[in-house]
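Numbering (this note's numbering), first residue to last: 14 to 394. Note that the Cβ used here is the ideal one computed from N, Cα and C, for glycine as well. Below is one structure, written out as structure tokens, with a few remarks after it.
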Ligand SMILES: Cc1ncc(COP(=O)(O)O)c(C=O)c1O
């Protein structure tokens with residue numbers, strides 16, 4: 014049976030080159046030791062691998078290696094950023110949006126509830142175009158705002174937040190700017206200095222690296238203070254304890270190297286396939302584009318099909334791996350909270366489907382997907 018994977022926003026396969034490097038850091042013959050072992054050559058070699066990976070991953074986002082803290086992924090990075098910053102204050106205010114990933118929303122909700130009202134969170138709603146604007150941030154800003162946390166690329170719809178413009182709004186204010194860039198890393202050119210962020214969450218598994226490894230960029234400046242949330246051993250300059258997973262880290266690094274070698278080519282590849290997909294879908298009629306037409310990640314396309322039940326449609330597209338809402342919510346049948354925030358009625362929010370293409374998607378994959386969708390829609394409608 015022909016199966017086509019169009020769920021690169023949920024995760025990507027590990028690139029063969031990445032898997033190869035990882036395998037070299039596991040067994041006795043390889044570079045397997047604990048990078049924190051200071052008393053022997055095995056440990057020093059592992060440390061060397063981890064530190065050169067730090068330089069490579071830092072380069073991917075325009076950071077310095079001293080600004081990279083290894084974590085288990087973007088969920089942990091988001092937790093560390095929000096909890097780690099707020100721990101430095103007795104009280105305070107946070108600005109985020111209602112269309113963030115659950116790793117932000119749940120962490121913010123926790124900070125609001127667990128500290129008896131010491132922290133208050135404003136959830137900005139997207140405008141008519143599905144975007145969070147600098148003006149909204151400016152209006153929500155208070156003298157006690159400690160942190161603004163907004164995503165670079167929305168995981169469901171792919172819309173891009175103008176983080177650079179938002180950082181300008183924050184100039185002269187003490188609030189720190191955190192950006193969840195899990196969906197943007199490896200898909201867009203990212204430079205933390207140009208964006209003006211203080212903290213940024215990234216992960217490897219959306220860019221052909223392994224699952225279970227990520228990083229938090231922490232700008233090196235006295236005013237950017239992050240308190241550790243995982244204690245024990247004082248690794249990562251006291252910001253995140255735990256033995257470093259050398260094989261995951263070198264995998265992340267190799268993935269970053271591959272992305273940097275051909276980012277422009279990948280962007281063009283993704284755009285071309287995504288645009289062909291949209292052109293084909295539009296031709297079927299009764300299809301609304303939920304993703305922004307321009308300010309959108311090159312590999313995302315979120316659409317709603319009128320006149321069909323979303324769950325039935327998804328189940329009928331058995332030969333296509335696509336997603337309704339974000340993968341993290343795929344166990345739930347509630348309409349997508351992101352599409353609801355965009356103003357879609359329950360029925361259309363239920364019928365939203367996220368297609369996401371990637372490095373290994375081919376033109377024939379897209380043509381096959383289009384013919385499958387046409388066949389299924391005709392039958393269901
Ligand atoms: C925007 C966004 N943030 C955070 C995460 C969580 O990342 P991880 O799977 O590395 O914990 C994801 C993954 O779906 C995401 O898309």
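Please find out if some non-hydrogen atom of ligand 1 comes closer than 7 Å to the beta-carbon of residue 192. no
Please indicate yes or no: does the CB of residue 86 lie closer than 7 Å to some heavy atom of ligand 1? yes
Within 7 Å: the Cβ of residue 220 and any heavy atom of ligand 1? no
Quick one: what does DSSP say residue 317 is sitting in, helix, strand or coil? strand
Could you check the C-alpha separation between residue 316 and residue 304 for me, to the nearest Å? 7 Å
When the distance is taken between beta carbons, is residue 143 closer than 8 Å to residue 172? yes
Could you tell me the boundaries of the alpha helix (DSSP H) in which residue 179 lies? 176-182
Put residue 340 into one of helix, strand or coil per three-state DSSP. Here the model assigns residue 340 a pLDDT of 49, short of 50, so the residue's position is not dependable and the matter cannot be decided.
Please say whether residue 248 and residue 254 have beta carbons closer to each other than 8 Å? yes
Is residue 121 near ligand 1, with its Cβ less than 7 Å from a heavy atom? no
Enumerated in chain order, which unbroken segments of the beta strand (DSSP E) with a length of 3 residues or greater are wholly contained in the region 207-277? 212-216, 227-231
Going by C-alpha to C-alpha distance, which of 198, 310, 76, 98 sits closest to residue 207? 76
Would you check if the distance between the CB atom of residue 314 and the CB atom of residue 287 is smaller than 8 Å? yes
Cβ neighbours of residue 262 in the same chain (closer than 7 Å, five flanking residues each side left out): 63, 66, 83, 226
Have a look at residue 71 and residue 382 and give me their C-alpha separation to the nearest angstrom. 37 Å
Are the beta-carbon atoms of residue 19 and residue 306 separated by less than 8 Å? no
Unbroken beta strand (DSSP E) run spanning residue 119, endpoints: Run containing residue 119: none in the beta strand (DSSP E); it sits in the alpha helix (DSSP H), 115-127.
Report the CB separation of residue 158 from residue 106 in whole angstroms; it is logged as a contact under 8 Å. 5 Å
What did DSSP end up calling residue 391 once you bin it into helix, strand or coil? helix
Cβ neighbour criterion (16 or more within 10 Å) applied to residue 39: exposed
If we count the other Cβ atoms within 10 Å of its Cβ and call it buried at 16 or more, is residue 393 buried or exposed? exposed
Less than 8 Å between the CB atoms is what I'm expecting for residue 215 and residue 87, so what's the real figure, rounded? 7 Å
Measuring from the CB of residue 164, is there a heavy atom of ligand 1 at a distance below 7 Å? yes
Considering only C-alpha positions, which residue in the set 58, 29, 73 is nearest to residue 43? 58
Within the same chain, show all residues whose beta-carbon is closer than 7 Å to that of residue 390, passing over the 5 residues directly before and after it, in chain order. 297, 318, 321
Are there any heavy atoms of ligand 1 lying less than 7 Å away from the beta-carbon of residue 261, as far as the coordinates show? no
Status (buried if at least 16 other CB within 10 Å, exposed otherwise) for residue 264: buried
Out of curiosity, what's the CA-to-CA distance linking residue 275 and residue 388? 36 Å
Assign residue 348 to one of three DSSP states: helix, strand, or coil. coil
C-beta atoms of residue 223 and residue 35 nearer than 8 Å: yes
Evaluate residue 378 with the Cβ neighbour count: other Cβ atoms within 10 Å of its Cβ, from every protein chain shown; 16 or more gives buried, anything less gives exposed. buried
Have a look at residue 328 and residue 25 and give me their C-alpha separation to the nearest angstrom. 22 Å
Is any non-hydrogen atom of ligand 1 found closer than 7 Å to the C-beta of residue 242, if you look at the structure I gave you? no
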